[in-house]
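In our numbering, the protein residues as written are 147 to 443.
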């Protein structure tokens, strides 16, 4: 399984940026986004990767980008390496299944989060304040309970890279009322359409994060979409409020790191082989359930 792990690329192309998971190259008017098998938790990249993770992230993003085109345009041009420019097609052995060519866009530096269930940082904030992002919620909610309706809880990145929940009013102060309302409406539409699709296939999308950019004067979806890295995917058949849920995302890794009481400061610890294997299985299962296809042929 280790031979299937790609932790880093070093192509002879103009670098654009290297994120926690993706290596991005500048192709002029477009970008080449490569999803590696790196995994991050608590704002640190772990030393070992997760087999097939990059292919799951790319495959699911492509699936959802196509599924939501009726709601909003996105930055995907192609994920088919046969359609890539000649100068990069020679690297198809690396790129196949884990890369996309996308439009350039001016990133909107706000994460648009939609929550249908109370979990994670929202659960913590709810217990402390009785609401999330200045949205009042009913009293007596249990951990992982379904909310009366999905809520929009935007966030920004702090200088240290941590997500900070903000109110809609704060978001409007940053980018204006009109764009705030538009992104909120679009985010809720995407979540609700994707939720119904995943639910029919045995997965609850508890929450998800959407990122937008401006292209030709209008907002488009960018980055990744509805993946186990940007969403909480729970097992519908095992769902029971009042506890942590069985998940098909990197929460499994977070739970392990909490259990070993890592101080969440770099360097991050190595993951045991069993945790790596089971995390990979969760990502692959999420892909299979949602798309009806298998990554491993």
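Ideal placement from N, C-alpha and C gives every residue a C-beta, glycine not left out.
What are the uninterrupted segments assigned as beta strand (DSSP E) that are 3 or more residues long and contained completely in the stretch 157 to 245, given in chain order? 160 to 164, 168 to 172, 176 to 181 and 222 to 224
From the DSSP output, in three-state form, read off residue 276 for me. Coil at residue 276, not helix or strand.
Would you kindly check if the distance between the Cβ of residue 299 and the Cβ of residue 243 is under 8 Å? no
Per DSSP, the bridge partner or partners of residue 381: According to DSSP, which records beta bridges pairwise, residue 381 is partnered with 349.
Which whole runs of the alpha helix (DSSP H) in the stretch 354 to 407 are 4 residues long or more, in chain order? 397 to 405
Beta-carbon within less than 8 Å of residue 307's beta-carbon, same chain only, minus the 5 sequence neighbours each way: which residues are those? 189
Just list the residues that DSSP pairs residue 301 with in beta bridges. 257 and 311
Looking only at C-alpha atoms, which of 322, 280, 260 and 266 sits nearest to residue 254? 322
Alpha-carbon spacing of residue 423 relative to residue 373, whole angstroms: 18 Å
Can you have a look at residue 317 and say buried or exposed, based on whether 16 or more other CB atoms are within 10 angstroms of its CB? buried
Cβ neighbour criterion (16 or more within 10 Å) applied to residue 390: exposed
Contact defined as beta carbons within less than 8 Å: I believe residue 334 pairs with residue 365. What is the distance between those atoms, to the nearest angstrom? Actually they do not touch by this definition, with Cβ atoms about 14 Å apart.
Exposure of residue 197, with buried meaning 16 or more beta-carbon neighbours within 10 Å: buried
Closest by C-alpha distance to residue 436, when choosing among 400, 357 and 350: 350
Using the Cα positions of residue 342 and residue 371, report the straight-line distance between them to the nearest angstrom. 16 Å
Between the CA atoms of residue 326 and residue 444 - distance to the nearest angstrom: Outside the shown range of the chain, which is 147 to 443, sits residue 444, and nothing can be said about it.
Quick one: using the 10 Å Cβ neighbour count with 16 as the cut-off for buried, is residue 288 buried or exposed? Result: exposed.
Three-state class that DSSP yields for residue 336 in the structure shown: helix
Are there 16 or more other CB atoms within 10 angstroms of the CB of residue 148, so buried, or fewer, so exposed? Confidence in residue 148 is poor, its pLDDT being 44 and thus under 50, which makes the residue's placement too unreliable to answer from.
Answer yes or no: do residue 248 and residue 222 have a C-beta to C-beta separation smaller than 8 Å? yes
Compare the Cα-Cα distances from residue 357 to each of 378, 329, 345 and 379 and report the closest residue. If we check each option's Cα against that of residue 357, 329 comes out closest.
DSSP state of residue 247 mapped onto helix, strand, coil: strand
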